[in-house]
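**Q**
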Amino acid sequence: IFIGIPFVIRTVQPVLIDLDPEIEEASASLGATRWYTISKVILPGLLPAMLTGFALAFARAVGEYGSVIFIAGNLPNVSEIAPLLIVIRLSEFRYADATAIAVIMLLVSFSIIFVINRIQRWSQSRAITD
């Protein structure tokens, strides 16, 4: 969290700075509630930057494989993590198990990237039609 959040902040901050405050004022003057203004006016403009920041933070977390292996605990069913399980299975010559864990991690990663891309496309198409 402490390493990943700055990636989100650094991608969202420029978009927040460039966000026109008059849009929020116009929404309020047209009678929109605060929640409606945030969810329908402000958030759609921030969504691509937020998704990019979360993707960068997630990629960083996945990429911290080496340091995690050296630091991670090895208490069964308590502090085991997927990268550590892969190394353990490889050291036990259980290649099929290690491959299965790695494939599951890849599928989860690809699924998250796919969902982020779909949300970004939906957000962009919605911005074009509005």
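Our numbering puts the sequence shown at residues 1422 to 1551.
We treat Cβ as the ideally placed atom computed from N, Cα and C, and that holds for glycine.
1) Among 1529, 1539, 1463, 1499, whose alpha-carbon lies nearest the alpha-carbon of residue 1473?
2) Measuring alpha carbon to alpha carbon, tell me which residue in 1446, 1462, 1478, 1547 is nearest residue 1430.
3) Quick check: what's the CA-CA separation for residue 1476 versus residue 1531?
4) Is the number of C-beta pairs between the stretch 1464-1472 and the stretch 1431-1441 that are closer than 8 Å three or more?
5) With distances taken from CA atoms, which of 1458, 1542, 1528, 1546 is nearest residue 1483?
6) In chain order, what residues of the same chain lie with their CB nearer than 8 Å to the CB of residue 1458, ignoring the 5 residues before and after it?
7) So, helix, strand or coil for residue 1455, using DSSP?
8) Just how far apart, CA to CA, sit residue 1546 and residue 1492?
9) Let me confirm a value: residue 1507 is counted as buried when at least 16 other C-beta atoms fall within 10 Å, else exposed. Which label applies?
**A** Taking the geometry as given:
1) 1539
2) 1478
3) 11 Å
4) yes
5) Ranking 1458, 1542, 1528, 1546 by Cα distance to residue 1483 puts 1528 first.
6) 1445, 1448, 1449
7) helix
8) 44 Å
9) buried
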